[in-house]
Amino acid sequence: MIRLLPWLYLLAAFAFIYLPVGALVLFSFQDGALPVPPFNGPSLHWYADVLRDDRLTGALGHSLIVALGSSAVATILGFLAAYGLARHILPGSAAIRALLIAPLTVSYLIVGLGLLIVLTRAGSGLSLATAAIGHVVINLPLAFAIIYASMGAQQQNAERAARDLGAGEAQVVLLITVPMLAPALAAAFFLSVTLSWDEFIIAFLLTRFDVTLPVEIWSMLRSGLSPRLNAIGSLVFLVSVTVVLILELLVFRKRRA
Amino acid sequence: MTAAIHLDAVNHWFAQFHALKDISLTVEAGEYVTLLGPSGCGKTTLLSVLGGFVDPAKGTVRIGDREMTHVPPAHRPTTTMFQDYALFPHMSLRDNVAFGLRMAGMARAQRNRKAEVQLALVGLADAGRKRPHELSGGQRQRVALARALAVEPEVLLLDEPLGALDLKLRRAMQDELKAIQRQVGTTFVHVTHDQEEAMAIADRIVVMNAGRIEDHGPPTRIYRQPATLFAADFMGEMNHIPARLTGSGAETPFGPLAHAQGGSGPAVACLRPEAIHLGAGTFNLGQVRVRDAAFFGTHVRAHLVPEAAADLLIVAHLPADSLPAPGEMLTLCTEPDAFCVFAEEA
Amino acid sequence: MQGWGLVAPALLWTIAFFVVPFVVMGAMSLATLDGRTLIWDLSFANYAELAEKRYLWRAIVVSLEITLTVTLVSVVLAYPLAWIIAFRVPQRWQRLVLLLAILPFWTSYVVRSYAWLLVLAREGVVNQTLMGIGIVSDPITLANTRFATVTGFVHFFVMLLTLTIYANLIQLSPNYRRAAMDLGASAFQTFRHVILPLTLPGVVTGAFLTFVLCIGDYVTPQILGGNTELTVPQVIMVQLGRRADFPLASALAIVLMGLVTIAYLASARWLRIDRL
Chain Z
15 MIRLLPWLYL LAAFAFIYLP VGALVLFSFQ DGALPVPPFN GPSLHWYADV LRDDRLTGAL
75 GHSLIVALGS SAVATILGFL AAYGLARHIL PGSAAIRALL IAPLTVSYLI VGLGLLIVLT
135 RAGSGLSLAT AAIGHVVINL PLAFAIIYAS MGAQQQNAER AARDLGAGEA QVVLLITVPM
195 LAPALAAAFF LSVTLSWDEF IIAFLLTRFD VTLPVEIWSM LRSGLSPRLN AIGSLVFLVS
255 VTVVLILELL VFRKRRA
Chain X
5 MTAAIHLDAV NHWFAQFHAL KDISLTVEAG EYVTLLGPSG CGKTTLLSVL GGFVDPAKGT
65 VRIGDREMTH VPPAHRPTTT MFQDYALFPH MSLRDNVAFG LRMAGMARAQ RNRKAEVQLA
125 LVGLADAGRK RPHELSGGQR QRVALARALA VEPEVLLLDE PLGALDLKLR RAMQDELKAI
185 QRQVGTTFVH VTHDQEEAMA IADRIVVMNA GRIEDHGPPT RIYRQPATLF AADFMGEMNH
245 IPARLTGSGA ETPFGPLAHA QGGSGPAVAC LRPEAIHLGA GTFNLGQVRV RDAAFFGTHV
305 RAHLVPEAAA DLLIVAHLPA DSLPAPGEML TLCTEPDAFC VFAEEA
Chain C
-2 MQGWGLVAPA LLWTIAFFVV PFVVMGAMSL ATLDGRTLIW DLSFANYAEL AEKRYLWRAI
58 VVSLEITLTV TLVSVVLAYP LAWIIAFRVP QRWQRLVLLL AILPFWTSYV VRSYAWLLVL
118 AREGVVNQTL MGIGIVSDPI TLANTRFATV TGFVHFFVML LTLTIYANLI QLSPNYRRAA
178 MDLGASAFQT FRHVILPLTL PGVVTGAFLT FVLCIGDYVT PQILGGNTEL TVPQVIMVQL
238 GRRADFPLAS ALAIVLMGLV TIAYLASARW LRIDRL
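Chains as they are written, first to last, in the numbering used here: chain Z, 15 to 271; chain X, 5 to 350; chain C, -2 to 273.
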C-alpha cells in the first residue's frame, strides 16, 4: 500500500492536470449546443463552424503576424544587446543588464497599462502594431537572457580564431557567432512566439478594431459555454503543443547531444 | 569496531550489462583492502553492493556474522565516503559529522562532543563552526572521513576518496588514511583506479576487470607474480615477449625459461622495465641497440631493439648516471624469477 | 563605441516602451480627474481614496488572500509530484512524464480558464458526475466562486512549480540522499534535514514567481470568480473601462507593485533569480 502511494498520487495529479484540457477537447466534438455531459458525437460540426467564421480566422491571422513579427524583433534586439554586452567592455554593464531584464518582474497588466497611458497621451491610435510593441517589451528580456547565457568562452575563442584568419567583423557575426548560437536563437524565438501567441491582457488593452485570437475568444466568452469555444480552444492548444514539441525535438535534443 | 566481510557468488546486471560476475571474496576484520581496476570494471558497483545501495541480483553478502544481502544502507554496520564527499552544504562541519549520531537519537551535547573528537582525529580540531564551502578539497575529504567514522561503523567503504585531489595532496592523504585506519581498527574497503595508490595503502589488493576478480593478494605478490596478464599489465608497465610453452618450460627468443607451469602453445613472457640490468647475469638478454633514451630523474628510460629478436622493442629502466646515445650497443641481463609467463588465450 | 551601437536598440526600446510609460504611470497616480479633465496636481488623493473606499481596500485584501492561498496550496501539491517524478519514475521515462505533466501549461490562458468553467459549471463535468453517482442530488455551486478562481490558479502554478522543483531536485548529487540514508536517516528525515533545506532556494524562487504572476492576473478571477468579489487587477480594469479613471488605475498598479516588492523583500534571503 505504502509502495503504491506515490503512483496513486501521480495518477491523481495527472487527472487534475488533464481534467480541463480533456473536457475542452472532448466536448469540442459535441453534437449539440452545450459542451456539457452527456457526450453526443463525435461530430466535426463545430470545427467546420469555427473555420468558416471570418472574424476568428482573421484574428488567427493577426495573432500569427503579431507573434512572428514581435518575436523576430525581440530576438534580433536581444541578440545584438547580448553580443554587445558579452564581447565589449561597457561602463555600467551590470546596470544595463538589470534594466533589460526588469520588465520580467512586472505584471503584463502593468506593462500594458503604462503603454496605454503613454499612447493615449501621445494621441497615437491603437492597432496590431501597438500590441506588437508591447509584446516586444515583455519578450525582449527573455530573448536577451537566453542568448546572453549561451555566449560562452568557446564561442569567443572561435570568433578570435576567425578574426585571426582574416574575417571582418560582419563575417565573424554571420559565419561564426550566429551559427554557433543557432539553438539559443531558435529557443528565444520560439518561446517568444508561444508567449505572444497566448498573450491576452496587453493585446486586449492595446488593440482596437483588428484584434488577436485571445481577445476574440474573450469576446466570445460573454455568450457563455459553447462548443465553438471548445473547438477554437482545442485548435489553439494544438498549435501551441506543436510548437513546444518542435522546440523539444529540434533545439533541446540537439543541445543535449 | 570492526567486522569481516564474506561475499559469495554475487552477480548483478544493469539491464543487459553483466556488471558483477560470480564475485566471491573474504575480507578479514580490520583489513585495509583496495578494489583496483579500470573504469567500468565493476569495482564501484561492488562497493555499492557492500553499502546496500545496489541490491545484487544473485549471491549473498555477510558482514560479521550477519546476513546483509538485502538490508537497506541505514541498517548496515557500514558507512560510505562518497567520491564527491556529499557533505551537506547547509550544515556546519560539526553538524555534518554529528548527523549520523543525531539520526541515532543521541542528545545534542553528547553528539557535539563526539563530533569534535572526530574532527580532531582528522586534524580539523577548531573548524567545527565552518561550512563545507569554506574548506579546501583535502579538508573536505577529511570531514567526509570524520562523518563516516563518527557512527563507529564496522566497515568503512571509500569510493575513489582521493580522486578529486592533486597528486601531491593525494600522496600525503594516502599515508594519513592508512594511519587513521590503524588507529581506529575498522575494516576499510577502498575503490581506486590508481595502482600506485593501491600499493601504497592496501594490506591486500583486489584487481578487477569486466565484472570479475582477476587477482587478489598482498601488493608485492600482485606486482611481482600477478595471476593474469591483465593484472600484470594493470599493476605497471610490462614488456611483452612472445614465447611458446613446451610442457616443462617456455621457449623465448632469449633462451629457455624453466619455471612455467606446463601446457603447450603460444604464450607471453612478461618482464618489468626495472628488472632489466646492464651487463651479464643469471639470464642474459644479449646485445641490444639503443633506439632512444630519456632522463627521468630516478632512472633513464630507454627503448631498445634486441639482436636476438629484431622485431621486438623493449623498454628498460637503466641507471640514472649513464644516458646512452641512439645507436649505441649495450649488453643486458635479468633474473629468470623476474619473468611471468601466461598462455595466450585461444 | 561599437559596443554601444549593439546595445542601443534594445536599450532604447526598453526605455521608450517600458521605463517612460512606467514613470508616466507613476506621475499619473498623483494626478486627479475632474469630470473628464486630468489635473496634474501632485496630490495623494488617489491613495487616500484607496484607504477610504471599502471596495478598493477590500480588493487588496481579496487579492492577497487568493494569492497567498494559491501559492501555499500549489507548493504543497507540486513538491510531492516533483519528488515522485525525480526519484520514483525510472530515469528514462522522467523526461516524458515531465513533458506530459506540463503540456496543458501551453493552453492559451484564456482558454484554460474557460475549460475550468466547463468542468465546474452547474451542468458541468463535476456536478453531472457527482449526481450520476448519487453523492449529491442537486448541483452544487462551484463556478463563480473564490474556490473556482483558486482551482484555476492552482492548476496552472502546480505545473510551473513542478517544473522548477524538479529541476532543483535532479541537480542535487544523488550522494546527498545516499549519505543521509547511509548514516541512518529515514526517508522522512532525509527529506526534512537534507533535501528540503537544499531545495529551499528553488522552492522560494518558484513561490515568488507564483506570487507575482498570480497577484497581477486579470483573466482567471474574471472568468472563474464571477463578480462576487473583485481582485486588484479586476478593479483596475473597471477603472479603465467604465470610468476611464487612469489616475486611480495607476495608483492601484503602483500598490500592486508595492505588494510584489514586499513579497520580494520577504523572500530575498532565499531568492535565486538565476535559478528560474
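Note that the Cβ used here is the ideal one computed from N, Cα and C, for glycine as well.
Chain Z residues whose Cβ lies nearer than 8 Å to that of residue i
i, result
"C:Ala164", "The premise fails here: C:Ala164 is roughly 13 Å from chain Z at the closest Cβ pair, so nothing lies under 8 Å."
Contacting residues, own chain, Cβ-Cβ under 7 Å from residue i (five flanking each side not counted)
i, result
"Z:Thr191", "Tyr97, Gln169 and Glu173"
"Z:Arg270", "At Z:Arg270 the pLDDT is 47, less than 50, meaning the model places this residue with poor confidence; the figure from the coordinates comes in the next sentence. No residues qualify anywhere along the chain."
"C:Met25", "Phe243, Pro244 and Ser247"
"X:Pro330", "Val294, Arg295 and Asp296"
"C:Thr146", "Ile63, Thr217, Pro218, Leu221 and Gly222"
Residue i at chain C interface by Cβ criterion, 9 Å
i, result
"Z:Ala121", "The residue asked about is misnamed: residue 121 of chain Z is Ser in this sequence, not Ala. Interface residue, yes."
"Z:Glu173", "no"
"X:Arg135", "no"
"X:Gln145", "no"
"Z:Ala271", "Unreliable positioning characterises Z:Ala271 in this predicted model, as indicated by a pLDDT of 40, which lies under 50. The coordinate reading is nonetheless provided below. No, no contact with chain C."
"Z:Ile273", "Examination of residue 273 of chain Z is not possible in this model, given that chain Z is present from 15 through 271 alone."
"Z:Ala47", "no"
"Z:Pro34", "yes"
Proximity test, Cβ basis, 9 Å: residue i and chain X
i, result
"C:Gly181", "yes"
"C:Val200", "no"
"C:Ser264", "no"
"C:Leu9", "no"
"C:Asp271", "Low per-residue confidence applies at C:Asp271: pLDDT is 47, beneath 50, and the placement is therefore not dependable enough to give any value."
Beta bridge counterpart(s) of residue i as assigned by DSSP
i, result
"X:Glu71", "X:Arg66"
"X:Gln291", "X:Thr335"
"X:Gly127", "Per DSSP, none; premise fails for X:Gly127."
"X:Met85", "X:Leu162"
"X:Phe21", "X:Phe18"
"X:Gly221", "X:Ile209"
"X:Gly269", "X:Leu249"
"Z:Arg111", "In DSSP, Z:Arg111 forms no bridge with anything."
"X:Ala320", "X:Ala306"
"X:Gly259", "X:Thr256"
"C:Leu35", "C:Leu30"
Close-in-space but distant-in-sequence residues of the same chain around residue i (CB under 6 Å, 5 per side omitted)
i, result
"X:Ala204", "Gln178"
"C:Val257", "Val209"
"C:Arg272", "Its pLDDT being 42, under 50, C:Arg272 is placed unreliably by the model, and the measurement read from it follows with that caveat. The residues are Gly199 and Thr202."
Neighbour list for residue i in chain Z, Cβ cutoff strictly below 7 Å
i, result
"C:Val70", "Within chain Z, no residue comes near C:Val70; the closest Cβ sits about 12 Å away, beyond 7 Å."
"C:Arg85", "Pro20"
Listed by chain order, chain X residues near residue i by CB distance under 8 Å
i, result
"C:Met178", "Pro76, Pro77 and Ala78"
Sequence-distant residues of the same chain with beta carbon closer than 8 Å to residue i, five excluded per side
i, result
"X:Met333", "Gln291, Val292, Arg293 and Val294"
"X:Ser43", "His197"
Contacts of residue i in chain C (Cβ-Cβ under 8 Å)
i, result
"Z:Arg135", "Val21"
"Z:Ser254", "Trp103, Thr104 and Ser105"
"X:Val155", "Leu180 and Gly181"
Within chain X, the residues that residue i reaches when beta carbons sit closer than 9 Å
i, result
"C:Asn354", "The question about residue 354 of chain C has no answer, for chain C in this structure spans -2 to 273."
Per-residue contacts from residue i into chain C (C-beta, under 7 Å)
i, result
"Z:Gly180", "Neighbours of Z:Gly180 on chain C: none; closest Cβ ~19 Å, over 7 Å."
"X:Met107", "Leu180, Gly181, Ala182 and Gln186"
"X:Gly55", "Asp179"
Neighbour flag for residue i against chain Z, beta carbons, 9 Å
i, result
"C:Gly213", "yes"
"C:Ala109", "Per the sequence shown, the amino acid found at residue 109 of chain C is Arg instead of Ala. Interface residue, yes."
Interface residues of chain C facing residue i [CB-CB closer than 9 Å]
i, result
"X:Asp59", "The premise fails here: X:Asp59 is roughly 14 Å from chain C at the closest Cβ pair, so nothing lies under 9 Å."
"X:Phe92", "Tyr173, Ala176, Ala177, His190, Val191, Pro194 and Leu195"
Within chain Z, the residues that residue i reaches when beta carbons sit closer than 9 Å
i, result
"C:Gln88", "Under the 9 Å cutoff, chain Z gives no residues; its nearest Cβ is about 14 Å from C:Gln88."
"C:Glu120", "Leu48, Val50, Pro51 and Leu239"
Within 8 Å, do at least three Cβ pairs link the region 76 to 96 of chain C to the region 104 to 122 of chain C?
With contact defined as three or more Cβ pairs closer than 8 Å, the region 104 to 122 of chain C and the region 76 to 96 of chain C are not in contact.
Assess, as a yes-or-no matter, whether the region 314 to 324 of chain X is touched by the region 277 to 292 of chain X under the definition of 3 or more beta carbon pairs within less than 8 Å.
Because the criterion of three Cβ pairs below 8 Å is met, the region 277 to 292 of chain X and the region 314 to 324 of chain X touch.
So, does the region 335 to 347 of chain X touch the region 247 to 262 of chain X, judging by three or more C-beta pairs under 8 Å?
Contact holds: three or more Cβ-Cβ distances are below 8 Å.
Would you call the region 152 to 160 of chain Z and the region 109 to 123 of chain Z in contact, with 3 or more CB pairs under 8 Å?
Contact annotation: the region 152 to 160 of chain Z touches the region 109 to 123 of chain Z, with at least three C-beta pairs closer than 8 Å.
Segment contact, 8 Å Cβ cut-off, at least three pairs: the region 48 to 68 of chain Z with the region 5 to 18 of chain X:
No contact exists between the region 48 to 68 of chain Z and the region 5 to 18 of chain X.
Are three or more beta carbon pairs between the region 89 to 107 of chain Z and the region 1 to 9 of chain C nearer than 8 Å?
Counting Cβ pairs under 8 Å, three or more are found: they touch.
Say whether the region 223 to 232 of chain Z touches the region 74 to 83 of chain Z, bearing in mind that this needs 3 or more beta-carbon pairs closer than 8 Å, one atom from each stretch.
Yes, the region 223 to 232 of chain Z touches the region 74 to 83 of chain Z.
Are three or more beta carbon pairs between the region 153 to 160 of chain X and the region 75 to 88 of chain X nearer than 8 Å?
A contact between stretches requires three or more CB pairs, one per stretch, nearer than 8 Å, and the region 153 to 160 of chain X meets this requirement with the region 75 to 88 of chain X.
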